[in-house]
Amino acid sequence: MKIIYLSMLFTIICTVCNTPKTEAKTADYEKYNALIVNGQNNHNWKIGSETMKQILEGSNLFAVNIASSPEKGEDMSNFKPNFSDYDLVVLDYNGDEWCNETKTSFLNYVRNGGGVFILHAADNSFPKWKEYNELIGLGGWGKRNETAGPYVYIDDSGKTIRDNSPGKGGAHGPQHEYIVKTRKPNHPIMKGLPEEWLHAKDELYHGLRGPAENMTILATAYSEKEYKGTGRNEPALMTIKYGKGRIFHTIMGHASERNQAMKCAGFIVTSLRGAEWAASGKVKQRVPKNIPTKTATHLWEDCTE
Ligand code: ZN
Numbered sequence: 020m021k022i023i024y025l026s027m028l029f030t031i032i033c034t035v036c037n038t039p040k041t042e043a044k045t046a047d048y049e050k051y052n053a054l055i056v057n058g059q060n061n062h063n064w065k066i067g068s069e070t071m072k073q074i075l076e077g078s079n080l081f082a083v084n085i086a087s088s089p090e091k092g093e094d095m096s097n098f099k100p101n102f103s104d105y106d107l108v109v110l111d112y113n114g115d116e117w118c119n120e121t122k123t124s125f126l127n128y129v130r131n132g133g134g135v136f137i138l139h140a141a142d143n144s145f146p147k148w149k150e151y152n153e154l155i156g157l158g159g160w161g162k163r164n165e166t167a168g169p170y171v172y173i174d175d176s177g178k179t180i181r182d183n184s185p186g187k188g189g190a191h192g193p194q195h196e197y198i199v200k201t202r203k204p205n206h207p208i209m210k211g212l213p214e215e216w217l218h219a220k221d222e223l224y225h226g227l228r229g230p231a232e233n234m235t236i237l238a239t240a241y242s243e244k245e246y247k248g249t250g251r252n253e254p255a256l257m258t259i260k261y262g263k264g265r266i267f268h269t270i271m272g273h274a275s276e277r278n279q280a281m282k283c284a285g286f287i288v289t290s291l292r293g294a295e296w297a298a299s300g301k302v303k304q305r306v307p308k309n310i311p312t313k314t315a316t317h318l319w320e321d322c323t324e
C-alpha cells in the first residue's frame, strides 16, 4: 500500500513540477527502451525501482519494463531477461548470482553497445564475477579487498590516485547531505550542471575498489572524517567503457521509506542525463533551472519552473 501511495505521490509531484523537459525525444518520438532489473537487494528495491521508473518515464525519454528475479535463495536458472531488447539496463540488483546463460547474455548486450545504469548498491553485487567488476569500475562489500583492485580517488591537486594498499573495499558513514563536485564539466552528462551542488541526505560510499579501467570520474564527493569518512574526494559519478557498451555509475540513491536521496533534483537530473548517455552516447535534454546550489539542497517537489 505504501508503495502504491508513494508511486501516486511521485506521479502527482512530477506532474505538478515538470520533470526535466527534453528536446531530444518527446511523446512524438520513439522512446528508449529501458529495463530495470531488481528482485534482490539489501535495500528497499520496491521503493527504489518504482522511484527510478517514475523518474525515467517522467522524462518522456524512456519506456520502462521491470524484470524481477526470484527471491534470495530460490532457483535462479529461469531468470533470463532479454537484455538485447533494450537500449538501457538499470541495475537495482544486489543478490544471488545469475545463471551462466544470463551472465553471458548480459555481457554480450554490453559488449555489443548496450547501455547500463549502476544504481547505488548494484556496485555491491557479484564480487567474484570478474567481468562485472570490470564493467562497474569500482565496487564495495562482498569481501572485496586489495585483490579487487585499487582504491581510486582524486587528490587536492585534481590528480587521480590509484592506491593499492591493502584493506577492505566499500564502506559509508552515517547519512548526511554532501557536496557533489563536477570533475569533467565538458562531458555530455555534466555539461551545464553546477560545478558544485549539495546532495540531499544520502549515503556517501567510500573506499570502493575495483579494476577502474576505462573509467572516467565525472564527479566526486568529499568524504569527511567527521562522518567517519576517508578524508578523500571519493568518486560519486562515473562512466565506464566496456566493449562498445556505455556504463553510467552513481553511488547515490539509497532508497528507503524515509530517505529523500532519490527525490533530490541533483540526483534526478544526473541520473536522467547518465541514463540518456548510456542509452545513446548523447545527452540532448536540457538542464532545468531548479537544481541544487552548493549551499542548498533542492528536492524535486520544491521546483517551481
Ligand atoms: Zn544504501
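My numbering applies: residue 20 is where the sequence shown begins, and numbers increase by one. Ideal Cβ placement from N, Cα and C applies to all residues, glycine included.
If you draw a straight line from the Cα of W64 to the Cα of A86, it is about 12 Å long.
Here L110 is not near L80, since their CB atoms are 8 Å or more apart. Under the three-pair Cβ rule at 8 Å, the stretch 171-182 does not count as touching the stretch 296-307. C-alpha of G134 to C-alpha of L256: approximately 15 Å in a straight line. Along the stretch 196-220, the alpha helix (DSSP H) does not occur as any fully enclosed run of 4 or more residues. E215 and T312 have their C-alpha atoms roughly 7 Å apart.
Within the DSSP secondary-structure output, Y170 pairs in a beta bridge with D182, R228. Cβ-Cβ distances below 6 Å link K247 to G192 in the same chain, with the five nearest sequence neighbours on each side left out; the list follows chain order. Per the DSSP secondary-structure output, C118 pairs with nothing in a beta bridge. Here DSSP, grouped into helix, strand and coil, assigns F136 to strand.
If you check the CB distance, G58 and Y112 come in under 8 Å. Collapsing the DSSP output to three states places L256 in a strand.
With contacts defined by Cβ atoms closer than 8 Å, A238 and K282 do not form a contacting pair.
With 6 Å as the limit between CB and the heavy atoms of the ligand ZN, the residues that fall short of it are H62, H139, A140, E222, H273. Beyond the five residues adjoining it in sequence on each side, G264 comes within less than 8 Å, by CB distance, of Y128, V129, R130, N131, G132, G133, G134, V135, L154 in the same chain, given in chain order. By the C-beta criterion, the stretch 289-299 is judged to be in contact with the stretch 195-213, since at least 3 inter-stretch pairs fall below 8 Å.
In the three-state reduction of the DSSP assignment, V109 falls in the strand class. In the DSSP annotation of this structure, the continuous segment of the beta strand (DSSP E) that includes N84 starts and ends at 81-87. S88 and H62 have their C-alpha atoms spaced approximately 15 Å apart. In this structure H268 does not touch G159 by the C-beta definition: roughly 12 Å separates them, more than the 8 Å allowed. Taking a contact as a CB-CB distance under 8 Å, the pair D94 and A53 does not count as one, their CB atoms being some 27 Å apart. In the three-state reduction of the DSSP assignment, I287 falls in the helix class. In the DSSP assignment, M71 falls within the alpha helix (DSSP H) that extends over 64-77. For L237, the enclosing beta strand (DSSP E) stretches over residues 234-241. DSSP, reduced to helix, strand and coil, places L154 within a helical segment of the structure shown.
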